[in-house]
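So the structure is just underneath, and the comments pick up after that.
Residue numbers (the numbering used here): 4 to 124.
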């Protein structure tokens with residue numbers, strides 16, 4: 004693969020998971036301090052990897068599912084996304100090792116997948 008391959012990283016977490024429960028159980032001052040620490044670490048991660056970040060992305064809000072039955076509000080584990088460029092999926096995944104999303108914040112995981120080309124007709 005060339006370094007021009009794009010990979011979508013999706014941040015996952017549960018509002019009802021154990022990590023989130025523990026986060027909300029922290030005293031407010033401690034939680035605010037960890038939030039500041041987490042955001043500083045996140046900005047540091049962005050700075051370190053800015054050469055390969057295609058789309059910084061961001062947090063995700065409420066989800067609407069659209070199917071043949073119509074539109075409905077749903078919950079899922081998706082909390083944010085980033086698009087990066089890497090030579091391989093393994094290389095892209097390594098960019099997210101010990102990421103603040105789960106190393107500091109109560110996020111649970113990050114999943115990385117290739118963004119594939121749309122087939123030509």
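Glycine included, each C-beta is placed from N, C-alpha and C at the ideal position.
Reduced DSSP category for residue i - H, G, I as helix; E, B as strand; rest coil
i	result
residue 108	coil
residue 49	helix
residue 41	helix
residue 93	helix
residue 122	coil
residue 4	Legend: pLDDT at residue 4 = 43, less than 50; position of this residue unreliable, value from coordinates given subsequently. In the structure shown, residue 4 sits in coil (DSSP, three-state: anything other than H, G, I, E or B).
Between the CA atoms of residue j and residue i - distance to the nearest angstrom
i	j	result
residue 3	residue 26	Absent from the structure is residue 3, since the part of the chain shown begins at 4 and ends at 124.
residue 72	residue 65	19 Å
residue 111	residue 122	33 Å
residue 80	residue 17	6 Å
residue 63	residue 108	15 Å
residue 4	residue 94	Residue placement at residue 4 is flagged as unreliable, the pLDDT there being 43, under the threshold of 50; the coordinate-derived value follows with that caveat. About 11 Å.
residue 21	residue 37	17 Å
residue 100	residue 69	33 Å
residue 124	residue 29	55 Å
residue 32	residue 7	43 Å
Paired residues, beta bridge with residue i - DSSP
i	result
residue 116	11
residue 82	In DSSP, residue 82 forms no bridge with anything.
residue 73	70
residue 61	84
Contact under 8 Å by Cβ, residue i with residue j
i	j	result
residue 24	residue 86	no
residue 88	residue 115	no
residue 98	residue 52	yes
Nonlocal neighbours in the same chain, by C-beta distance under 8 Å from residue i, ignoring five residues either side
i	result
residue 67	74, 75, 76, 77
residue 92	10, 115, 116, 117
Same chain only: Cβ atoms within 7 Å of residue i, ignoring 5 sequence neighbours per side
i	result
residue 60	83, 84, 85, 86
residue 103	41, 44, 45, 48
6 Å Cβ shell around residue i - same chain, five flanking residues per side excluded
i	result
residue 13	81, 84, 114
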